[in-house]
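K.L.:
Chain order of the listed sequences is A and B. For the first sequence, this note's numbering assigns the number 20 to the initial residue and increments by one for each residue that follows. For the second sequence, this note's numbering assigns the number 20 to the initial residue and increments by one for each residue that follows. Every residue, glycine too, gets a C-beta built ideally from N, C-alpha and C. Encoded as structure tokens, here's the structure I'll be asking about.
Protein chains: 2
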Amino acid sequence: MTELERQGAQARAAARVLATASTVQKNQALEAIALALETCWDDVLAANAADMAAARAAGMRPAMLDRLLLDEGRIRGVAAGVRQVMALEDPVGRMVEMTTRPNGLQIGKKTVPLGVIGMIYEARPNVTVDAAVLCLKAGNAVILRGGKEAFATNNALTALMRGAIARAGLPEDAISLVQDTSRASATELMGLRGYLDVLIPRGGAGLIRSVVENARVPVIETGAGVCHVYVERSADLDMAARIIENAKCSRPSVCNAAETLLVDRDAAAAFLPMAQARLEPWHCRLRGCPETCAILPTAEPADESDWDTEYGDYILSIKVVSGMDEALEHIAAHSTGHSEAIVTSDYFQAQRFLNEVDAAAVYVNASTRFTDGGEFGEGAEIGIATQKLHARGPMGLRQLTSTKYVIYGSGQVR
Amino acid sequence: MTELERQGAQARAAARVLATASTVQKNQALEAIALALETCWDDVLAANAADMAAARAAGMRPAMLDRLLLDEGRIRGVAAGVRQVMALEDPVGRMVEMTTRPNGLQIGKKTVPLGVIGMIYEARPNVTVDAAVLCLKAGNAVILRGGKEAFATNNALTALMRGAIARAGLPEDAISLVQDTSRASATELMGLRGYLDVLIPRGGAGLIRSVVENARVPVIETGAGVCHVYVERSADLDMAARIIENAKCSRPSVCNAAETLLVDRDAAAAFLPMAQARLEPWHCRLRGCPETCAILPTAEPADESDWDTEYGDYILSIKVVSGMDEALEHIAAHSTGHSEAIVTSDYFQAQRFLNEVDAAAVYVNASTRFTDGGEFGEGAEIGIATQKLHARGPMGLRQLTSTKYVIYGSGQVR
Numbered sequence: 020m021t022e023l024e025r026q027g028a029q030a031r032a033a034a035r036v037l038a039t040a041s042t043v044q045k046n047q048a049l050e051a052i053a054l055a056l057e058t059c060w061d062d063v064l065a066a067n068a069a070d071m072a073a074a075r076a077a078g079m080r081p082a083m084l085d086r087l088l089l090d091e092g093r094i095r096g097v098a099a100g101v102r103q104v105m106a107l108e109d110p111v112g113r114m115v116e117m118t119t120r121p122n123g124l125q126i127g128k129k130t131v132p133l134g135v136i137g138m139i140y141e142a143r144p145n146v147t148v149d150a151a152v153l154c155l156k157a158g159n160a161v162i163l164r165g166g167k168e169a170f171a172t173n174n175a176l177t178a179l180m181r182g183a184i185a186r187a188g189l190p191e192d193a194i195s196l197v198q199d200t201s202r203a204s205a206t207e208l209m210g211l212r213g214y215l216d217v218l219i220p221r222g223g224a225g226l227i228r229s230v231v232e233n234a235r236v237p238v239i240e241t242g243a244g245v246c247h248v249y250v251e252r253s254a255d256l257d258m259a260a261r262i263i264e265n266a267k268c269s270r271p272s273v274c275n276a277a278e279t280l281l282v283d284r285d286a287a288a289a290f291l292p293m294a295q296a297r298l299e300p301w302h303c304r305l306r307g308c309p310e311t312c313a314i315l316p317t318a319e320p321a322d323e324s325d326w327d328t329e330y331g332d333y334i335l336s337i338k339v340v341s342g343m344d345e346a347l348e349h350i351a352a353h354s355t356g357h358s359e360a361i362v363t364s365d366y367f368q369a370q371r372f373l374n375e376v377d378a379a380a381v382y383v384n385a386s387t388r389f390t391d392g393g394e395f396g397e398g399a400e401i402g403i404a405t406q407k408l409h410a411r412g413p414m415g416l417r418q419l420t421s422t423k424y425v426i427y428g429s430g431q432v433r
Numbered sequence: 020m021t022e023l024e025r026q027g028a029q030a031r032a033a034a035r036v037l038a039t040a041s042t043v044q045k046n047q048a049l050e051a052i053a054l055a056l057e058t059c060w061d062d063v064l065a066a067n068a069a070d071m072a073a074a075r076a077a078g079m080r081p082a083m084l085d086r087l088l089l090d091e092g093r094i095r096g097v098a099a100g101v102r103q104v105m106a107l108e109d110p111v112g113r114m115v116e117m118t119t120r121p122n123g124l125q126i127g128k129k130t131v132p133l134g135v136i137g138m139i140y141e142a143r144p145n146v147t148v149d150a151a152v153l154c155l156k157a158g159n160a161v162i163l164r165g166g167k168e169a170f171a172t173n174n175a176l177t178a179l180m181r182g183a184i185a186r187a188g189l190p191e192d193a194i195s196l197v198q199d200t201s202r203a204s205a206t207e208l209m210g211l212r213g214y215l216d217v218l219i220p221r222g223g224a225g226l227i228r229s230v231v232e233n234a235r236v237p238v239i240e241t242g243a244g245v246c247h248v249y250v251e252r253s254a255d256l257d258m259a260a261r262i263i264e265n266a267k268c269s270r271p272s273v274c275n276a277a278e279t280l281l282v283d284r285d286a287a288a289a290f291l292p293m294a295q296a297r298l299e300p301w302h303c304r305l306r307g308c309p310e311t312c313a314i315l316p317t318a319e320p321a322d323e324s325d326w327d328t329e330y331g332d333y334i335l336s337i338k339v340v341s342g343m344d345e346a347l348e349h350i351a352a353h354s355t356g357h358s359e360a361i362v363t364s365d366y367f368q369a370q371r372f373l374n375e376v377d378a379a380a381v382y383v384n385a386s387t388r389f390t391d392g393g394e395f396g397e398g399a400e401i402g403i404a405t406q407k408l409h410a411r412g413p414m415g416l417r418q419l420t421s422t423k424y425v426i427y428g429s430g431q432v433r
């Protein structure tokens, strides 16, 4: 048995206990975690200072350093997030359907925890707590595998959470951190069949590719977002300009930010200068098709790879299209299935876009930036699923459960 | 582009059309398929005769030959199955939730097809039609990959269905059969990323293992069933004997048949002879733990591997346990998460078993044999899912859909 298999077996044992833990017990554990974060942060801050020093010495970029940093304010924010999860409804134990069959069998479908969840993620240490408490509230054990730059911080946070869970009378193995930060340990976690019920990777394209290659357990893919805003000819152009500004520039690093603007040829000459005026204050670079560049002389020419690039930055690709057919073709070819928006005043065009675009979230006359657990009313989220099985779109507590059929009989045989 | 990638691209194009096809259109295609089966079966029977001749020459066992055989009566049965699927409610296009957010966004969650489904299955040619029409009714394209012994039959059935779909005005590429029956083509299908939204393997342990190793697309595992019946000390022993007889012997080859009987020590001396008397007329062999063999001298001794074996035959393993704790431990260690049953008269024991056993279907006082789409009221099924993501238990039409969020805005930005 490898170290990770041992950890898997411990998590599985903890999951069996958690599966029948009451909401009160789980909330007591969450309360203990929040309280520990608010009162015992010295070890966490010391560990984070060590991670920060090592990262600085290794020449980490300032934006990444900022993602790694924890301070009192951020820890309080994380604790507040834990209390928000406490306040959410327990997703476990709801009988979502119950029927009595002609033979008298009463067949119910009940929500149950998934079991043991593996999380692989990158730099931000707050994910360590956010993900762990969501899993815990839904009755799951979790095995965390964060970025190696944040290992000391993650380890301190995990120790703090394990202590709190034990004080609340639940098994501390409900939350554990993979201790080996080598690439091999990530690969082993992806193949931990028999211990993991699901693996949720949260990170960039490289991580997702590695998971696709190496996973031997069910995976929920999250996060890749090449999102489009399509300005149809009947659009209110002022509204369209506000929407593309918001979709691109309000937070370009996140997955629900837009990467590509599609605009109908009939509206291009009027709209593109308006859009440019909105984007200019953000110093947003534009990469356009030839028609775009003819209208906006300062735009750079886009090449084919631009249509498949998640910039995560103040860069927008722009393509002029002949109409709905070409827009739908472009989106079908280049969308990652995350969030897609049309701006239009035409009822039939709106309906066609909603019906034909294949993505987790399809918008009419709103920014793609709303694809988010909080905005959708799910409470906290563990990621945005971009595949079609089990969960699609923001994954809240409900998506961290499975179901089982419970059947009450009185001696029926078939 | 390989041949299979070309097939994948054609299926994807067909799926885009199917996604917006009306229920009427899809039912017309199903009606055309049923009619073709009922009236144009000559090619199918000729192809099946060729498959049967080749299989006989290769020395196929009689039981397998029987699974491969199609005759008029069986084809009529398959056609009747198609009409049953026609009669089921269309699972696509239901708005399962819709809320208006404080900012005025109206966010709905709508059922949509999964897209392109890959099916890998073994000998029975009726699966070719059963699976294809379920996929079609739920708006999905399907790429079928059946067993090579049934290739000619499957090819004739697929040609018949494609012709019928085209006559009904839908794209014939909605249904296609992998033409290469080598193992390499199965492996390639498992890795057909970008074309398949989900792969559903239906077959024995070897197929499932191969899928786990090779799949690069989301998979729904089906079918493996090491199911237990636990006779608790308070059980009505007559009822328990009827249930174990039914669970083991009514159809031992299927996945919801029981493989292991667990019996409380307090009830063993009274119950085991009763069970044996029920099983004897079926010539059911018994493999028992030492205590079982002491009570039933004709039972063979079981070894450790018996507890993990899906016999698929008239063989039952039997273990005497000290009570609920040991029964739950045994099930947790050896269950494949399919169907588990307790026979008991004790309310608290029943509740504990329902709450703590982790399986797709958990029964009190009924046979495990009821785990089935028809018995559960789902109509037809494409398999029994034994994993926890997306679908668990009998997979009917509803489980062949995903959801998408559709968002009606009026210019909202975040």
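#1: Quick check on B/E232: does DSSP put it in helix, strand or coil?
#2: Is it the case that the Cβ atoms of A/P220 and A/N173 are separated by a distance below 7 Å?
#3: Can you tell me the Cα-Cα spacing of B/R437 and A/A82, whole angstroms?
#4: A/C154 and A/V148: beta carbons closer than 7 Å?
#5: For a test of the three-state rule: what should DSSP assign to B/Q47, helix, strand or coil?
#6: Taking the continuous alpha helix (DSSP H) assigned at A/L373, which residues delimit it?
#7: Buried or exposed: where does B/H302 fall if 16 or more other Cβ atoms within 10 Å of its Cβ makes it buried?
#8: Spatial neighbours of B/D377 within its chain, please: C-beta separation below 8 Å, excluding the five flanking residues on both sides.
#9: Taking the straight line between their C-alpha atoms, what separation do you get for A/I136 and A/I194?
#10: Taking only runs of the alpha helix (DSSP H) that begin and end inside the segment 71-125 of chain B, which ones reach a length of at least 4 residues, in chain order?
#11: Which residue wins for smallest C-alpha separation from B/E394, given the options A/R433, A/A169, A/M180?
#12: Taking only the alpha-carbon atoms, compute the straight-line gap between B/S386 and B/L291 and give it to the nearest angstrom.
#13: Please report whether the beta-carbon of B/G158 lies at a distance below 7 Å from any beta-carbon of chain A.
#14: Chain B beta carbons: is any one of them nearer than 7 Å to that of A/T177?
#15: From what residue to what residue does the beta strand (DSSP E) around B/D283 run?
#16: Please report the Cβ distance between A/V236 and A/R212, rounded to the nearest whole angstrom; I am assuming they are in contact, meaning their Cβ atoms lie under 8 Å.
#17: Determine whether the Cβ of A/Q370 lies closer than 7 Å to any Cβ atom of chain E.
#18: Please report the Cβ distance between B/P132 and B/A157, rounded to the nearest whole angstrom; I am assuming they are in contact, meaning their Cβ atoms lie under 8 Å.
#19: Quick one: list the residues of chain B neighbouring A/M258, beta-carbon separation under 8 Å, in chain order.
#20: Pull up the distance between the alpha-carbon of A/L305 and that of A/V245, whole angstroms please.
#21: Report the residues of the segment 207-234 of chain A with a CB closer than 8 Å to any CB of chain B, ordered along the chain.
#22: Who are the Cβ neighbours of A/Q418 in its own chain at under 6 Å, not counting the five residues just before and after it?
#23: Does any residue of chain B bring its CB to less than 7 Å from the CB of A/T118?
#24: Would you check if the distance between the CB atom of A/L84 and the CB atom of A/L416 is smaller than 7 Å?
#25: Looking only at its chain, what residues have a beta carbon closer than 7 Å to the beta carbon of B/K423, apart from the 5 residues adjacent to it on each side?
#26: Residues of chain A with CB closer than 7 Å to the CB of B/P271, please, in chain order.
#27: Assign B/G225 to one of two classes, buried (16 or more other C-beta atoms within 10 Å of its C-beta) or exposed (fewer than that).
#28: Counting only Cβ pairs nearer than 8 Å, list the residues of chain B close to A/T39.
#29: Would you identify the three-state DSSP class for A/A40, choosing helix, strand or coil?
#30: For B/T241, does the three-state DSSP call read helix, strand or coil?
#31: Can you give the beta carbon distance from A/R164 to A/M180, rounded, assuming they're within the 8 Å contact cut?
#32: Using a Cβ-Cβ cut-off of 7 Å, state whether A/V340 counts as contacting chain B.
#33: Consult DSSP for B/Q406 and reduce its assignment to one of helix, strand or coil.
#34: Could you name the residues of the segment 399-410 of chain B whose beta carbon sits closer than 9 Å to any beta carbon of chain A, in the order they occur along the chain?
P.N.:
Reading off the structure:
#1: Taking the second sequence and counting its residues from 1, one reaches residue 232 of chain B at position 213. Residue state, collapsed to three classes: helix.
#2: If you number the first sequence from 1, residue 220 of chain A lands on position 201. If you number the first sequence from 1, residue 173 of chain A lands on position 154. No.
#3: Since the first residue of chain B shown is 20 and the last is 433, residue 437 of chain B is not available in this structure.
#4: As a first step, residue 154 of chain A must be located in the first sequence, where it is residue number 135. As a first step, residue 148 of chain A must be located in the first sequence, where it is residue number 129. No, Cβ-Cβ distance for A/C154 and A/V148 is not below 7 Å.
#5: The count along the second sequence starts at 1 and reaches residue 47 of chain B at position 28. In this structure, B/Q47 counts as helix in the three-state DSSP scheme.
#6: Locating residue 373 of chain A in the first sequence gives position 354, where the first residue counts as 1. Run containing A/L373: 366-375, per the alpha helix (DSSP H) assignment.
#7: On the second sequence, residue 302 of chain B is found 283 positions in, with the first residue counted as 1. Exposed.
#8: Walking along the second sequence from the start, residue 377 of chain B turns up at place 358. Taken in chain order, the residues that qualify are A351, S354, G356.
#9: In the first sequence, counting from the first residue as 1, residue 136 of chain A sits at position 117. In the first sequence, counting from the first residue as 1, residue 194 of chain A sits at position 175. Distance between the alpha carbons of A/I136 and A/I194 is about 10 Å.
#10: 81-87, 91-106
#11: Position 375 of the second sequence, counted from the start, is the residue given in the question as residue 394 of chain B. Ranking the options by Cα distance to B/E394, first place goes to A/R433.
#12: Working through the second sequence from its first residue, we reach residue 386 of chain B at position 367. Working through the second sequence from its first residue, we reach residue 291 of chain B at position 272. Cα to Cα, B/S386 sits roughly 17 Å from B/L291.
#13: Stepping through the second sequence from its first residue, residue 158 of chain B is reached at position 139. No, its Cβ sits nowhere closer than 7 Å to a Cβ of chain A.
#14: To locate residue 177 of chain A, count along the first sequence from 1; it is residue 158. False, the Cβ-Cβ gap to chain B never drops below 7 Å.
#15: Position 264 of the second sequence, counted from the start, is the residue given in the question as residue 283 of chain B. Element bounds for B/D283: 277-283.
#16: Numbered from its first residue, the first sequence carries residue 236 of chain A at position 217. Numbered from its first residue, the first sequence carries residue 212 of chain A at position 193. 6 Å between Cβ atoms; contact.
#17: Absence of chain E from the displayed structure is noted, the protein chains being A and B.
#18: If you number the second sequence from 1, residue 132 of chain B lands on position 113. If you number the second sequence from 1, residue 157 of chain B lands on position 138. Going by Cβ atoms, the distance from B/P132 to B/A157 rounds to 6 Å, so yes, they are a contact pair.
#19: Position 239 of the first sequence holds residue 258 of chain A. Within 8 Å Cβ-Cβ: G430.
#20: Residue numbering aside, residue 305 of chain A sits at position 286 when the first sequence is read from its first letter. Residue numbering aside, residue 245 of chain A sits at position 226 when the first sequence is read from its first letter. One C-alpha to the other measures close to 15 Å.
#21: R212, D216, V217, V231, E232
#22: One-based indexing of the first sequence puts residue 418 of chain A at position 399. These residues qualify, in order along the chain: A410.
#23: Counted from its first residue, the first sequence places residue 118 of chain A at position 99. Output row for A/T118: interface = yes.
#24: As a first step, residue 84 of chain A must be located in the first sequence, where it is residue number 65. As a first step, residue 416 of chain A must be located in the first sequence, where it is residue number 397. No, Cβ-Cβ distance for A/L84 and A/L416 is not below 7 Å.
#25: To locate residue 423 of chain B, count along the second sequence from 1; it is residue 404. Counting only Cβ-Cβ distances below 7 Å, and skipping sequence neighbours, we find K129, V131.
#26: Position 252 of the second sequence, counted from the first residue, corresponds to residue 271 of chain B. Within 7 Å Cβ-Cβ: nothing; B/P271 doesn't reach chain A, min ~13 Å.
#27: In the second sequence, the residue the question calls residue 225 of chain B occupies position 206. Its Cβ having fewer than 16 others within 10 Å, B/G225 is exposed.
#28: Numbered from its first residue, the first sequence carries residue 39 of chain A at position 20. Ordered by position in chain B, the residues that pass the 8 Å Cβ test against A/T39 are N374, E375.
#29: One-based indexing of the first sequence puts residue 40 of chain A at position 21. In this structure, A/A40 counts as coil in the three-state DSSP scheme.
#30: Here residue 241 of chain B refers to the residue found at position 222 when the second sequence is read from its first residue. In the structure shown, B/T241 sits in a strand (DSSP, three-state: E or B).
#31: Counting from 1 along the first sequence, the entry for residue 164 of chain A is found at position 145. Counting from 1 along the first sequence, the entry for residue 180 of chain A is found at position 161. That pair is no contact at about 15 Å.
#32: To locate residue 340 of chain A, count along the first sequence from 1; it is residue 321. Closer than 7 Å: no.
#33: Position 387 of the second sequence, counted from the start, is the residue given in the question as residue 406 of chain B. Looking at B/Q406 - three-state DSSP - the assignment turns out to be coil, as it is neither helix nor strand.
#34: Q406, K407, L408, H409, A410
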